[in-house]
Every structure is written in C-alpha cells, then in structure tokens.
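Residue numbers (the numbering used here), protein chains in the order written: chain H, 12 to 992; chain A, 499 to 653. What follows is a set of notes on a single structure, which appears directly below.
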C-alpha cells in the first residue's frame, strides 16, 4: 500500500518531463500506475473480504503518536478501485482530449497524477490526521486542476470558489478531528469506529466533521462550487466531480456512519440535508441548457442521494449506498466523457444548438444511451439495481413504521423522478433531432477516435453488466454492511435484478412515469423553475466574501492607525494594567520595612543631579543640550552603579556613555539645532501623565521586588563557582562562564545592530570601494605649499585608491605629520594639539584595552570594557585626523571584526564539545612557560576575546557609518559636480 | 566566605527609588513624542532607569563582588550586575541604530519626525471607501426598485 502511494507522487514529479518528451501520449504511460493499483486492489479483494484487513504502518513521530497508518477494508477497497480505476481511464481519455500543444499541459499532467495519489491516500488512511492531510491535498490539487486555463477569468474564479468553500469545510473539519482525537485519546480511524467516543464535545465534533464532508461533496448549502467548477477541462470534471473528489465527503460519511449514526444531529445533517439536496438540485438540473451544468446539478443531486443513504446507518442502507456509489461513478463519469466528446466534436455543449448528433456520432450516442438509462434507473442496468436496493432499505427500516424513513423515501422517489427528467433532457438535448434546429453540418462535427471513446465505452459496458451480474458483488459489499455499529434492518443483503413486484418496484415505476411527464412538459418546468428560484447561490457567496473583506478592512483600519505614539501608548497602558493591577493587590502583603533614605549620604548628590538633568531633558529645545543632559543622567547612573557596589558596571557605563555622546554629536551635527515644533499641549499632558504613571510603577516595582523577597538569591553559589572557574571577578565569570549563553545571544544582537547601522548608511555596500582597495594606510597627501583654492579642489575628497599613484609622496609625508590622514583636512579645521595627543595616546589606550581584556577574570574589566576602550582609541584617531585617518588606523573591516568575534566566541563554546564536555564549558589552564613563568588562565578568555573583537567591530562600524560615511556624504552634497568614487 | 548583602527582606534606598521613578517618567514621556532624536533620548533615559531598577532589586549596596579582597563585608549580588552589563552594551547598539535611522530619515524627508504609516492610512481609507461603495450600492438598488414600482404602477 505505502509504496504504491509513494509511487503516485514520484510519478507526479516526473510526469511533466514525460509530457515534455512524448506530448499527450505520455498520459497513456501515466495511466499505467493507477491501472496497476486498481488491479492490485482487485487481486487483494478476496483477502480483504475474508479479513482481517491488510494494514501498512510507519512510525512517523512516535513522541506525538503520529503514525502513517494505511488500512484496506471493504469500503477502502471499493473506493480504491473507483479512485484508481477511474483515474486510469480519465488519463487515457486525456491523451486524446488534449492536443500536445495545449498550454500548461506539462503542469496539468503532474497535478492530475498527484491528485490521484492524494485521493488514494485519503481512502486508505487509517489515521484522522493523515486523512486530513490528504483531504487538504485534494483541495489544493483540485484548485490547480479547475484553474487549468489560468488565462480565463471564469476559470480562475471557479477555482478560487471551489478552493475557498472546500478549505472552509476542511478547516472546520480539522477542529472536529482534533476534538474527537483528543477526547478518544486516539486518532486511528479503525479504533474510533470500533470504540466510538461519546459526549457533548463529540457531538459537536461530529457536526464539524460533517460540515467538512458536506462542503467537499457539494451538498447544500455548499453546492455552489461544483457547478462553477465546470469551467474546468472535461477530464477534470469527469474525474474530480463524478468519481473522486466529491466522493471524499461520501466516503467520510460512510466511514463514520457505524460510529456516529445513532446521533440525531448526524441523521439531520446526512439524511435530512442529503434528501433536501437531492430534490432541490434535481429540480434545478431540469432547467439547465449547458450539458455540463446539467450534469453538475445532477451530480449534486446524486451526492445528496448517496449521503442520505450511507448516513442512515442501517446495514441495508449501507449495503445499498455502497452499490449506489459504484453505480453512480459508472454512469456519471461516461456522461461527462461523452459531453467532452460532444464539445470536442461540435465546439458547443449548449443543448439549444445541438441537433441530430445521434446520426453523426452513433457510437457515442450508444454509450450515452446506456449511461443515461442507468442514471435514470431503468432495468436491467446497474443504476436500477442500486436504486431498488436503496428503496428496499428505506422500506424495511430497523423499526417498523418509522415515519421519517417513509418521508425520506417519498422525497427520494420525487428526486428520482427529477433524475429521470433530467436524464431524458440530457439525452434529448445532446443527440436528438430538434424541429426548430437544423442538424449540425457534418463538416463542423467529427466523431471521436477509438481511443477517445474507449474509456466511456468500457464504463458503459460495465453499467450494462453491472445489473445482471450485481449478485456477484453482494458478498463484497456485505463485508462493509456488516461492520459492527450499523443497525440490522429487516431486509436481506443482496442485489437482485428481479426482486418481484414489490413496493420498491412500484416506487421506481412512479418515478419513471413522473420523470417522463416532467420531460414531456420540459419547457414549462424550466420556466416554472426559473420563476421559483429563490436565491442565486453565487450572488450570496460574493456578498459574503465582500462583507468579510469589508469587515477585515474596517477592523484593520480601526486598530492599525499607523501612529507610533499611539501604538506605544497602547503598549505602555497594557503594561501598566498587566503589571500594575497585580502589584496593587500584593502591595498589602509586602512586609512593612523601615525606609532608608540612602545607603551612604554620598549617594544623594549623583541621585539629585541625575533627576534634575532628566527633568531638564524634557524642557530644553536645543538638540545638543538635550543630548548632553541625557548624557549627564548616564554618567550619574554610572556613579550610582559604583556606589551600589558594581565597579564593572560603572566602568562600562562610563565608556558607553562617552561613545554615545560622540556618536550623538557625529550625527546631530547634520540635523537642525533645535527640535521642530513640539507636540500639541493636550497631547503633551497625556504623555506626561503616562510617563508619571510609568515612573510610579517602576519605583513601586523596585520596592516590592526587594521587600517581597522570600527566597535566598541564586547567586549565593556563584562565589564557589567562580573559584572553581579560576577567577575572582564574579561578574566577569558570570558573563563568560556561568551564564555565557546569555552573552552569546547578546553579542549576536550587537552584530545585528552593527549590520543595521551600516546598511542604513551604506545602502548597497558596507565598505566604500576606495577603502577596500587601499593597500594599507595609504592616504593621499596634499602639498601644503599649494594654492589654497587648488588645495580644496584637490584634497577635499580624493578616493583612496588614487593614493597608490601617489605612493611616492606618502613616505615623505608620514615623516612630517603626526597623523598622516589629517593632512586631508582643510588647514583651518585641524588642531595640532589634538593630533599630537591622539598620536601619543593611541597605542597607550590600545594597550589599556588589552589589559582590561586580560584582567577581566580577576579584576575589573573584561571583553566588553576592553572592546569599548579599543573603540575609543579609534574614536580619538578619527576625531583628530578625520575619516582618512580612521581608514589608516584600522585596516580591518568592521564586518570581518564582527564576524571573527562571533566565530571565536562560538568556536570556543563549541570546542568544549570536542573535549567531551557540554557546550560553553571552560577549562582552567596553568602553564609554566620559559620566559613568562607561571601563567594562569582559562579557556573562557578565548570567549572573552571574541566579545572584545565583536564590540570593537561594532564601534568601528559606528565610526565608519555615522562618522566617516556622513562626512563623505556631506562632502559630496557640498560639491555635487564631483563623481563618486 | 562570601556573604551577599541581601539577607533579610529590605527595601532599596529611597534615593535610588526616586531616581528610578524620575528617569522612568522622563524616559516614557520622551518615548511618546514624534521626533526620533527625542524618542532615542527616551530610550537612553528609560534604559538607565531599568538598569538601576534591576540593580536595586538585587539588594542594598555592598562591596564589589570580587573574591580576593581582605574584607568580609557583605557584597552586592553579582547576577543583576551581569545582566545590566550586557544591557548597557546593547543600549549602545540600539542607540547607534536609532541614530542611523534618524539620520536616514533626515536625509530622505528633511526632518527626523516619525510620520504615520502610509500603508495603514491607505487601509483606513480603503475601509471608508468600502463603506461608501456599500452605501452607493444600496442607494442604487433602492432607486432601481422604486423605478420598477413606478413602472408597475403606470402600466
């Protein structure tokens, strides 16, 4: 089973190639696989009927109880034969229906085979989840098949409608699947059927499942998609809409009937809705002029008939329903195929234009005659036998004199009369001579070739023999009807052609007579039907879609105002509510403690400065002033950190604040000096209110967090852990060892932020061409003695690449200048003092940064602080010597620094795996080296080195982007005539 | 050997609580404005408030969490310190990113104000248009019906 299923999808993958090579004849090859599967299923039949059912399972995800389970009982066997047998015939038909030049044929072939495979999987699946997966796959493939002619609007529309409706049903069904599976604790269908769960939840779930089944089988109120789907090519209609996809819903009802048919809701949704659909759709079919639409409404009607019968839940009904399913596929598919042949031969399928075709296409007419007769239920054909069996089943229900069964039977007889009526209309419409129409000229019609007709002919022959030889099938069909759970009715399970003159025979006769009467007065019936039509389903569907669309727009429009302050306000309000309300409730539980004004009086000074500076930020309108005030809060915070007992934090905060200030100034030099117009006063008051609330919340939080503490802190054990890790600075150990995972995540964020900064400034490339090609610190040197005007022209912004040509000058200049790059800056903006200082301090600062990196383990410092200090060294060079000096100072690209940083950090983390430890485990190293003597270290130093490089890369990136790049851009802006390097 | 300065339940000093409150209030207020620079200042100030909050939640002041010192005075909890340390550096990254955005916005628009999202505005307009269309449709149907009635009345 499994390999055959997989083979279908493999074939679907190679099918496009075959069609590409061999044109339409490739379909004959493609047909071989479904045909082989059908033969295999028939060969298995004796074993399946005798039982036990063959199964095929693969453990897929045992932890989630997901099993790929396939199982073939009698019902699956019948469905497999139908699905694959008809698939093979339709593929053969495709080989003549299409021309090799048909656009999209390559895709069509693949999708068609994949659809057959999905259908096969659906009927074999023994797991509700697997069934659902194949169920949705058929929806997707049917979308592609119906929309085959993607150029036509109607075709696309029909495909979308079918997809929307069936997917809606499918999703509803999914909810039901989950409820049933979770209630029963098992998703295996065979287990569920033999031991069905019960309860209110299950009833709801069953209703949801049935919504899926009804939508797939196009029953009311979901029937609109099937007639619309007639825009598909005829083979698709014949396969999907007669034999395969629409039968999926029927199959599901048949599959679950033994388990749930005793529920009243089930009876209403299957028998009730099915019967209503049979009558109403049959009535609608009576007035169709398009042959395919006529068949479509007829199919909807017959599907209602099938579901009503199979949903009834007695063994006789199940038996008859399965026979009817076979008979329906046998007559409906050839009728679709014949319609395709007629369409192909005449170019129309409107019965108002067709006349006298029985003479032009006698063989086709013969096929149509047999199939139509079977549809109308005339003896001795398969349709007749099946319909008689259904009538018998409802005549002899489980409880004698049950009035709903009689009512259903009456409705079915009415529906059968309609069936006879539209069968006659089809045959007459397609083939008969019409008085007011001339026969179609032979020149415009052509009969089908033998291969084109063969599939329909084969099916018609089966219709013909299906009646007299139906008895042979009885034991097989009885295998399904005796499934435990079905109620035993009072009739015997057999299919007889001659059943004696009973009530069923009379009912058939009534239906036949009624149908012929309807056909006799067909024009009046059609007029009456058109007048009585209440609702145009398509218009309702469009209106529903439009309403949903408008609703979605309104909801989006109402919630998504596009204003950042509004969004932030909502977020903050939510935060206030979610945190504030529980906080207010626990506040009384917090033990009252003596308030302390300060830990040491010296805390008060920075606290006051920070508070005043912060308030000042709100008021001032000068941009730089506000930035400086914000910086003061930062420095003040650093001081508070130190007083709290966190020198590492103080150091880092000082460094970061300094870098931030520099960066702010670098960018803000471009922006206007003052903030633009302040926000409205009402808005400002509201902002302030929200701000005060947030401040109060944070302050309360800080009190409660400490005062409400009940457990000892986890960091109690950190001291011992740090000792074990061989360091004495616990914070540093926490960063690079105990909680190194956090640090890993954090440096990744930094890498992303740096990339973001660079990409906002260098829109296309991170690095300017010139800098990349520069062979070292090669900076073009101006001639100080030159004409100032010329100096400007020549040296304001020369590309670095150009320096290679002036390499000779470089040597002379470096001898003279403290910072060679600074020579590119106009004289009046240079500061010799700054240049000298920068030159002298640069290496000292770098050395300091390395010192901080190395001592991080034992004393204040670490990778973060070291990296920032190294970055500050570069900042000093840049501020003193301009952007060329920055390029000269570091030949490394920020991108590669960041990359190396990440690589080293992750590498050292992963290296622990090689030595058989967990990720990020560090090892203490004690070495005695010749010159240095005893060296004490830890592998976590390597990790810290990665952090150092990454932070340095971030700072270099910031300087290059927000410093050098902005310089370059403003230089270009000042001199637009210059071509960019 | 190492005693943390968080033995009994206690409160942080009111000096710190006050600073946290003021910084939080100012940061939030700035965050709600439209100028990207002021939003950025809000982020910076609010980060300081949160960093102080985390540190203050760790306990009262103590000696630095170093092992090799001679004193046995209680030391400050190292875990919040490590968390805040990473937060400080991340703030730097965010600051740089927002500044780059402010600069880019100034480059493109000539100011650093955060405008309302044009896409969202379009959706809002589309919803309003949808309403109008529905009204027009209803009106047209009403007129058509009235016309039918008139015809029926005259004939």
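Using N, Cα and C, we set each Cβ at its ideal position, and we do this for glycine too. Please read these numbers as outputs of a predicted model, since none were measured by experiment.
C-beta neighbour in chain H for residue i, strict 8 angstroms
i	result
residue 633 of chain A	no
residue 644 of chain A	no
residue 570 of chain A	no
residue 607 of chain A	no
Coarse secondary structure for residue i, derived from DSSP in three states
i	result
residue 436 of chain H	helix
residue 740 of chain H	strand
residue 520 of chain H	helix
residue 659 of chain H	helix
residue 904 of chain H	coil
residue 579 of chain A	helix
residue 810 of chain H	Summary for residue 810 of chain H: the model assigns pLDDT 45, below 50, so the residue's position carries little reliability, and this model does not support an answer.
residue 981 of chain H	helix
residue 626 of chain A	helix
residue 533 of chain A	strand
residue 228 of chain H	coil
residue 68 of chain H	strand
residue 55 of chain H	helix
residue 849 of chain H	helix
residue 972 of chain H	helix
residue 570 of chain H	helix
residue 721 of chain H	coil
residue 582 of chain H	helix
residue 726 of chain H	helix
Buried or exposed by the 16-neighbour rule on C-beta atoms within 10 Å, applied to residue i
i	result
residue 258 of chain H	buried
residue 752 of chain H	exposed
residue 162 of chain H	exposed
residue 896 of chain H	buried
residue 558 of chain A	buried
residue 604 of chain A	buried
residue 623 of chain A	exposed
residue 569 of chain H	exposed
residue 286 of chain H	buried
residue 959 of chain H	buried
Pick from the options that is closest to residue i, judged by C-alpha positions
i	options	result
residue 129 of chain H	H:213, H:966 and H:19	H:19
residue 427 of chain H	H:348, H:12 and H:525	H:525
residue 767 of chain H	A:556, A:565, A:585 and A:596	A:596
residue 721 of chain H	H:662, H:600, H:878 and H:249	H:600
residue 389 of chain H	H:920, H:348 and H:432	H:432
Residues near residue i by beta carbon distance below 7 angstroms, same chain, minus five either side
i	result
residue 580 of chain H	701
residue 483 of chain H	none
residue 627 of chain H	640
residue 668 of chain H	642, 645, 646 and 649
residue 155 of chain H	122
residue 212 of chain H	190 and 194
residue 60 of chain H	85, 486, 487 and 490
residue 362 of chain H	300, 302, 440 and 441
Cutoff 6 angstroms; reference residue i; Cβ partners in own chain excluding five residues on either side
i	result
residue 554 of chain A	510 and 514
residue 825 of chain H	Caution applies to residue 825 of chain H, whose pLDDT of 46 falls short of 50 and renders its modelled position unreliable; the model cannot decide the point.
residue 547 of chain A	518, 521, 522 and 525
residue 608 of chain H	none
residue 661 of chain H	649, 652 and 653
Own chain residues within Cβ distance below 8 angstroms of residue i, not counting five before or after
i	result
residue 634 of chain H	679, 682, 683, 684, 685 and 686
residue 374 of chain H	458, 459, 464 and 468
residue 856 of chain H	880, 881, 883, 884 and 887
residue 140 of chain H	77, 188, 192 and 198
Contacts of residue i in chain C (Cβ-Cβ under 9 angstroms)
i	result
residue 757 of chain H	Although the question refers to chain C, the structure presented lacks it and instead comprises the protein chains H and A.
C-beta neighbour in chain A for residue i, strict 8 angstroms
i	result
residue 300 of chain H	no
residue 808 of chain H	Low confidence applies to residue 808 of chain H: its pLDDT is 39, below 50, so where it sits in the model is not reliable enough to give any reading.
residue 542 of chain H	no
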